[in-house]
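Asker:
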Amino acid sequence: MPELPEVEVTRRRIEPLLIDRRISSVRTTRDSYFFLTRPAALKRNLLGRYTVELERRGKYLLLELDDGKRLMLHLGMTGQLFSQHATSVRLLSASQRSSLSPGEQLCFKPDQHTHLSLGFADRGPKVFFRDVRKFGKVRLLERGQSDPRLDRLGVDALEASGEQLFRLTRRRKAAIKNVLLQQSVIAGIGNIYADEGLFLAGIRPTRRASSLTRRRCEKLVGSLQRVLLRSIESGGCSISDFIAPDGSDGLYQDERHVYGRTGEPCPRCGGLIRRLLLGQRSTHFCPRCQK
DNA sequence: ATCTGTCCCTGGACGC
DNA sequence: TGCGTCCAGGGACAGA
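Going by this note's numbering, the first residue of the first sequence is number 1003, and it counts up by one from there.
Written out as structure tokens, the structure is:
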């Protein structure tokens, strides 16, 4: 699922394909709550514009246009932003897959889950935004306009300090894992990296956030950043639907310590990884290593 | 102010 | 093989 590393990998790899090109065609699926800006208005605002810059904020991407307007994107749970020439059979339907001859050049064609397709005046590869579960979002921001979702974001996880986390958790009685998932506290962490970071820091996910000492907060932020950076390096985590814009899978799932490893031995002590529900989210930890 | 539960959505896994 | 049921989860929202 796209969290900070997957969104950052997406940003880095789609940037060369998305920047400095003039949008000449816009195709969308029919209106749904996926579209914070109605499809017709999206088309009207995007057509003919040049793309200038692609920025990440937490799990959001912001595509700046030459007229100062910005396209805000969120990948939700199953969002994929990729090139038409992305080479991944996972993007093909079952029938396309079975009729594929060996060595054939892959060319993705928009399906019912491809909610936004951008074509360019240079006739180069199109860019697609696909999202099966439609938890993703797209919105057009006027010049200078923000969105409450962006305004609410806390400090970016890669820029946070232990001291900041310490201060932000002083009056928090909720479990530390639930607090980590709140984008208004630290932006970018989702279920996988919360579990992984807590494991590396040796902190039980159920621990009351306010009970963490300054030292433990420093350790936790360090562990989180280590995990996030390591995942970016390995191309993100393709445990469910994530693929990079070029179609490649991330490799971080092979390095997971606890997430999705219920009943397997802890990589540190050999005890069994346990799973529990915390705020309706599955949570994985080692009862022996995490206190 | 903070916390908890519910809901949105679809495909895949699983049991019968 | 085929159908029904459950589960995954980011984040908005409502109500405590």
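Think of the CB as a built atom: it goes at the ideal place given N, C-alpha and C, for glycine as much as any other residue.
It should be emphasised that the depicted structure is a prediction, and the values quoted were computed from it without experimental measurement.
Where does Ala1189 sit, in a helix, a strand or coil, going by DSSP?
Answerer: strand
Asker: Starting from the C-beta of Leu1077, find all residues in its chain whose C-beta is less than 6 Å away, skip the five residues before and the five after it, and write them out in chain order.
Answerer: Pro1004, Gly1138
Asker: If Ser1067 sits next to Val1054, beta carbons under 8 Å apart, how far is it from one beta carbon to the other, in whole angstroms?
Answerer: First, the residue type needs correcting, since residue 1067 is Leu and not Ser in the sequence shown. At roughly 6 Å, the Cβ-Cβ gap stays under 8 Å, so Leu1067 and Val1054 are in contact.
Asker: Below 8 Å on the Cβ atoms is my contact criterion, and I expect Cys1291 with Gly1204 to pass it. Report the Cβ-Cβ distance as a whole number of Å.
Answerer: 6 Å
Asker: Put Pro1004 into one of helix, strand or coil per three-state DSSP.
Answerer: DSSP places Pro1004 in coil when its eight states are reduced to three.
Asker: Hey, quick one: how far does the alpha helix (DSSP H) through Glu1220 stretch, first residue to last?
Answerer: That run of the alpha helix (DSSP H) goes 1216 to 1235.
Asker: Within a Cβ cutoff of 6 Å, which residues of the same chain sit near Leu1253, ignoring the five residues on either side of it in sequence?
Answerer: Ser1236, Gly1237
Asker: Which residues does DSSP list as the beta-bridge partners of Met1074?
Answerer: Leu1064, Arg1141
Asker: Output needed for Leu1143: all residues of its chain with C-beta closer than 7 Å, excluding positions within five of it in sequence on either side, in chain order.
Answerer: Closer than 7 Å at Cβ, skipping near neighbours: Lys1071, Arg1072, Met1074, Asp1149.
Asker: What residue range does the alpha helix (DSSP H) around Ile1178 cover?
Answerer: 1178 to 1183
Asker: By Cβ distance, which residues of its chain are closer than 8 Å to Glu1017, with the 5 residues on each side in sequence left out?
Answerer: Leu1056
Asker: Terminal residues of the continuous alpha helix (DSSP H) containing Glu1164?
Answerer: Here residue 1164 is Gly; the residue named in the question, Glu, does not match the sequence. Segment 1164 to 1170, the alpha helix (DSSP H) holding Gly1164.
Asker: From Asp1248 to Gln1082, what does the alpha carbon distance come to, in whole angstroms?
Answerer: 11 Å
Asker: Look up Leu1020 in the DSSP assignment and say whether it is helix, strand or coil.
Answerer: helix
Asker: Does the Cβ of Gly1281 have 16 or more other Cβ atoms within 10 Å, making it buried, or fewer, making it exposed?
Answerer: exposed
Asker: Assuming Ser1026 and Gly1121 are in contact, meaning their beta carbons sit under 8 Å apart, how far apart are those beta carbons, in whole angstroms?
Answerer: Indeed, because the Cβ distance is near 5 Å, the residues count as touching under 8 Å.
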